[in-house]
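Read top to bottom, the protein sequences are chains A and B.
The first sequence begins at 17 in my numbering and counts up one residue at a time.
The second sequence begins at 343 in my numbering and counts up one residue at a time.
Yeah, the Cβ is synthetic: ideal placement off N, Cα and C, and Gly gets one too.
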Amino acid sequence: MYLTNAEERLLSGESGEVIERMFRLLVSLGDIYGADRMIPVGSAQVAGVSYKSIGDPGVEFLEDYANKGAVAKIVTFLNPAGMDIEDWQELKIPPAFAEKQLRIMNAFKKMGIVVSATCTPYLAGNLPRFAEHIAWSESSAISFSNSVIGARTNREGGPSALAAALCGVTPNYGLHLSENRKPGVLVNVDARLEDNADFGALGYVVGKEVENNIPYFQGIADADTDQLKALGAAMAASGAVALYHIENLTPEAHLMKTEGLEKISVNEKELQDTFSKLSTGKEPDIVILGCPHSSLKEIMTISRKLEGRKLKKPLWICTSRMVKEAANRMGFTQIIETAGGRIVADTCMVVSPIEDMGYKTTGVNSGKAANYLPGFCKQNVVFTKLDTLIEKIT
Amino acid sequence: MEVLKGRTISPGRVEGESLVSREPIGFYGGVDAKTGIFIEKGHELEGKSVKGKILVFPYGKGSTVGSYVIYGLVKNNQAPLAIVNKETETIVATGVILAGVPCVDQVPVERISTGDHLIVDATSGTISILRTNTTN
């Protein structure tokens, strides 16, 4: 790929070992994927944050690079950590785990990376614009920014997003190029989509079917950002969908041609079958909401449903620290806590050690969580709508 | 002396003995970063150490955390001298670059056997087979 003189000098170590290796990583990935040059990126989002995911090798790597003085050039947010960074003791996170997790957070902070640990950076202060090039690595955030906002990112890994953060550029290939953003399959939806969980079930079915293709949806009359967040998250979990278009809803849909595309169709029965298939358990020991992290609107809805009720089983609502602050200020947190639930910030069920905390069956309203919990957390799953979950634990 | 030509993934020049796997390697859960020993059950290199070897395999597999395991091997002085692949995918590419392990890909790895004595010049992308292992 073409490199400027200044970029060539980075490879010769002019800006130190960390930048040399990080830039070399970007060049190498660019060569593997056929990039023509580097392009500046407006923001980064780095995955590989939970101690559960990256282990001791990850801790050592991050501390080494932080100690060598690496500093992010662009606004960079982090993926969820393995625990609530402030309230981990109350949540009974094992101290040995917490110690490693805090070392990881400190290493990132030292690199100038915003330690807001969230899979919804766009709800917490890192919002790209339409057509802006970014380097993000959480699969649901990639899907949301590409599809709903119309920003442009590939599916970055943790290290390549970190490299983009430290160098301020990414190789120009894949979804950065307009010609690669065209749909490859037409999806006709013939089903009622009411609850956010319906969008998760739809996403699960379509992701399985289309794998890493770009779907173009017809038949979705309306969807709010929470529902689009649920749809994209599930498609990125059951498949590897990084971008989707919805007729009359998403910003690039009107630019796309759908003639001649392979067609698939999803009906009501397939959605119901998906709820049954993913529900491997019956009665939840705990209900965990907020996969991806809850918006303030979702927390408001939950708090209204819980007002004056008492829960028999634990309820966690996962979100970002920023949204939790707003929920505190509005009194939603207090209503939820009075009912016996809690708002958990900075983390999510998939990357936290819930299997070590005695839980065997988790209730969720997320297609993504239903996809991952059996494997990552050895959980049985009850995947259903929000109202049903609340009834089950009241 | 046979010279194989490949593509630079991560620069550097080393000389040593090869350890060849015909199967792909997943470093996370495959190799212990503290000891350098292959721990994946049933893998053809199970129980062998990668330390000080020129590790030759077709391509990587498995978790992306594998990149950090390669870094950990270097930090713990258990790393291979170099890595030679048929196709270096992103997990191995990321690991060798972060850790500074010389690496070349697009190499006809079937020409190399365990115990061959090699010079890997990853900067120019060449592999010289100085001596083949005659006990194979």
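Other residues of its chain near residue i: CB distance less than 7 Å, five sequence neighbours each side excluded
i	result
A:Ala343	Leu312, Ile315, Thr349 and Ile359
A:Phe215	Leu209, Ala239, Gln243, Ala246 and Leu247
B:Pro450	Leu346
A:Cys135	Asn95, Pro96, Glu154, Ser156, Ala157, Pro308, His309 and Cys364
Sequence-distant residues of the same chain with beta carbon closer than 8 Å to residue i, five excluded per side
i	result
B:Lys390	Leu361, Ile379 and Phe380
B:Val345	Thr468, Ile469, Ser470 and Ile471
B:Ser455	Ser360, Val362, Thr474, Asn475 and Asn478
A:Phe291	Ala213, Ala217, Phe399 and Thr400
DSSP beta-bridge partners of residue i
i	result
A:Asn6	Because chain A spans 17 through 410 in this model, residue 6 of chain A falls outside it and cannot be assessed.
A:Leu94	A:Val62 and A:Ala133
A:Glu263	DSSP output for A:Glu263 lists no bridge partner at all.
B:Leu346	B:Ile469
A:Pro231	A:Val201
B:Ile461	B:Glu357 and B:Ser470
A:Cys183	According to DSSP, which records beta bridges pairwise, A:Cys183 is partnered with nothing at all.
A:His149	A:Arg168
B:Gly402	B:Ile367
A:Asp206	A:Asn283
A:Thr363	A:Ala97
Buried versus exposed, by CB contacts within 10 Å (16 or more), residue i
i	result
A:Val87	exposed
A:Met54	buried
A:Leu193	exposed
B:Thr465	exposed
A:Asn196	exposed
A:Leu294	buried
A:Phe146	exposed
B:Met343	exposed
A:Arg320	exposed
B:Lys376	exposed
A:Lys84	exposed
A:Leu271	exposed
B:Asn419	exposed
A:Asn283	exposed
A:Tyr260	buried
A:Thr20	exposed
A:Glu172	buried
6 Å CB neighbourhood of residue i in its chain, flanking five on each side removed
i	result
A:Leu41	Ala179
A:Cys393	Ile370 and Glu371
A:Arg168	His149, Leu191 and His192
A:Gly200	Asn229 and Ile230
B:Val416	Ala441
A:Gln234	Asn204 and Glu263
task: Scan the stretch 26 to 87 of chain A and note each continuous alpha helix (DSSP H) run of 4 residues or more that stays entirely inside, going in chain order.
output: For the stretch 26 to 87 of chain A, whole alpha helix (DSSP H) runs of length 4 or above, ordered along the chain, are 33 to 48 and 67 to 83.
field: Given 8 Å, three or more beta-carbon pairs between the stretch 50 to 68 of chain A and the stretch 114 to 124 of chain A
entry: Yes, the stretch 50 to 68 of chain A touches the stretch 114 to 124 of chain A.
- prompt: Taking contact to mean at least 3 C-beta pairs separated by less than 8 Å, is the stretch 391 to 405 of chain A in contact with the stretch 346 to 353 of chain B?
  reply: Too few Cβ pairs lie closer than 8 Å, so no.
query: Could you give the uninterrupted runs of the beta strand (DSSP E) lying entirely in the stretch 297 to 348 of chain A, keeping only those of 3 residues or more?
result: For the stretch 297 to 348 of chain A, whole beta strand (DSSP E) runs of length 3 or above, ordered along the chain, are 302 to 305 and 331 to 335.
message: For the pair the stretch 251 to 260 of chain A and the stretch 214 to 232 of chain A, tell me if three or more CB-CB distances fall below 8 Å.
response: With a cut-off of 8 Å, the stretch 214 to 232 of chain A and the stretch 251 to 260 of chain A count as touching, because enough Cβ pairs lie within range.
Touch test, the stretch 158 to 168 of chain A against the stretch 331 to 342 of chain A, Cβ-Cβ under 8 Å, three pairs minimum: With the cut-off at 8 Å, the stretch 158 to 168 of chain A and the stretch 331 to 342 of chain A do not touch.
message: Closer than 8 Å is the cut-off here; do at least three beta carbon pairs connect the stretch 181 to 193 of chain A with the stretch 262 to 270 of chain A?
response: Taking 8 Å as the limit for Cβ pairs, the verdict is that the stretch 262 to 270 of chain A does not touch the stretch 181 to 193 of chain A.
task: Quick one: which unbroken alpha helix (DSSP H) runs of 4-plus residues sit fully inside the stretch 410 to 447 of chain B? Chain order, please.
output: List check, alpha helix (DSSP H) in window: 432 to 441.
task: Decide if the stretch 380 to 387 of chain A is in contact with the stretch 299 to 313 of chain A; the criterion is three or more beta carbon pairs, one per stretch, under 8 Å apart.
output: Under the 8 Å Cβ criterion, the stretch 380 to 387 of chain A counts as touching the stretch 299 to 313 of chain A, having at least three qualifying pairs.
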